[in-house]
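Visitor: Before we start, here is the structure in question, set down as structure tokens.
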Amino acid sequence: MDPATASSTPTYLYWIAASLVAFAVLLVWSVLRKGRRLPGDHVFRASRLSKGNRIFPAQVMITPTSVSLHHAQWIGRREESIHMAHVASVKIDTNIIFSNVLIETTGGHHPIVCHGHTKGDAIRMKQLIEKFQTEHYVKK
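According to my numbering, numbering within the sequence shown proceeds without interruption in unit steps and concludes at 167.
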């Protein structure tokens, strides 16, 4: 066996291992970066332990003018938004561990459905929506 060949074999293994470690670090960094909390006062993040939120947890942002649901994806993100004047009702379905929140529109089309929030977050979301709706209609 040639000594030059014997010493180069472990070098290739080290390069392959280093490449796999670098890929894993990049993957973890990407998941953590896309899953970070959105800026704002009233942002509610779903638990990673719930259905549909394992890699990228959904986030609900409530502002005085709208309710937005943000879903991160591997490439880009998906957002759904309802203006506060078009929110018809907020339903909370409390399960053993997590709560589901259903925000329906006045037109009855495409409600915002959020899975995996704590009961406290779900109640707080409903209170904020009702508060902002009251403020919206009192201004007029």
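Even glycine gets a Cβ: it sits at the ideal position worked out from N, Cα and C.
Who does Met88 pair with in a DSSP beta bridge?
Guide: Within the sequence shown, residue 88 is the residue found at index 61, counting from 1. Paired residue(s): Val70 and Ser95.
Visitor: Taking its Cβ as the centre, do 16 or more other Cβ atoms sit within 10 Å of Met28, making it buried, or is it exposed?
Guide: As a first step, residue 28 is located in the sequence shown; it is residue number 1 there, counting from the start. Because the pLDDT at Met28 is just 48, under 50, the model does not fix this residue reliably, and the point stays unresolved.
Visitor: Where Ala85 and Lys146 are concerned, what is the direct C-alpha to C-alpha distance, given to the nearest angstrom?
Guide: Counting from 1 along the sequence shown, the entry for residue 85 is found at position 58. Counting from 1 along the sequence shown, the entry for residue 146 is found at position 119. Going from the Cα of Ala85 to the Cα of Lys146 covers about 16 Å.
Visitor: What would DSSP say about Gly147, mapped onto helix, strand or coil?
Guide: Counting from one through the sequence shown, the residue named residue 147 turns up at place 120. Gly147 falls in the helix class under three-state DSSP.
Visitor: Under three-state DSSP, which class holds Met28?
Guide: What you label residue 28 is simply residue 1 of the sequence shown in a count that begins at 1. Bear in mind that a pLDDT of 48 at Met28, under 50, signals an unreliable position, so the model cannot answer this.
Visitor: For Val87 and Phe71, which I take to be in contact (beta-carbon distance under 8 Å), what is that distance rounded to the nearest angstrom?
Guide: For the purposes of this step, residue 87 is taken as the residue at position 60 of the sequence shown. For the purposes of this step, residue 71 is taken as the residue at position 44 of the sequence shown. Sure, about 5 Å apart at Cβ, within 8 Å.
Visitor: Rounded to the nearest angstrom, what separates Lys78 and Trp56 at their Cα positions?
Guide: Residue mapping note: residue 78 aligns to position 51 of the sequence shown, counting from 1. Residue mapping note: residue 56 aligns to position 29 of the sequence shown, counting from 1. Taking the straight line joining both Cα atoms gives about 22 Å.
Visitor: Measuring only the C-alpha atoms, how far is Leu47 from Val58?
Guide: For the purposes of this step, residue 47 is taken as the residue at position 20 of the sequence shown. For the purposes of this step, residue 58 is taken as the residue at position 31 of the sequence shown. Roughly 17 Å separates the two Cα atoms.
Visitor: For Gly143, which option in Arg75, Asp68 and Thr133 has the closest C-alpha, if you only look at C-alpha atoms?
Guide: Working through the sequence shown from its first residue, we reach residue 143 at position 116. It is Arg75.
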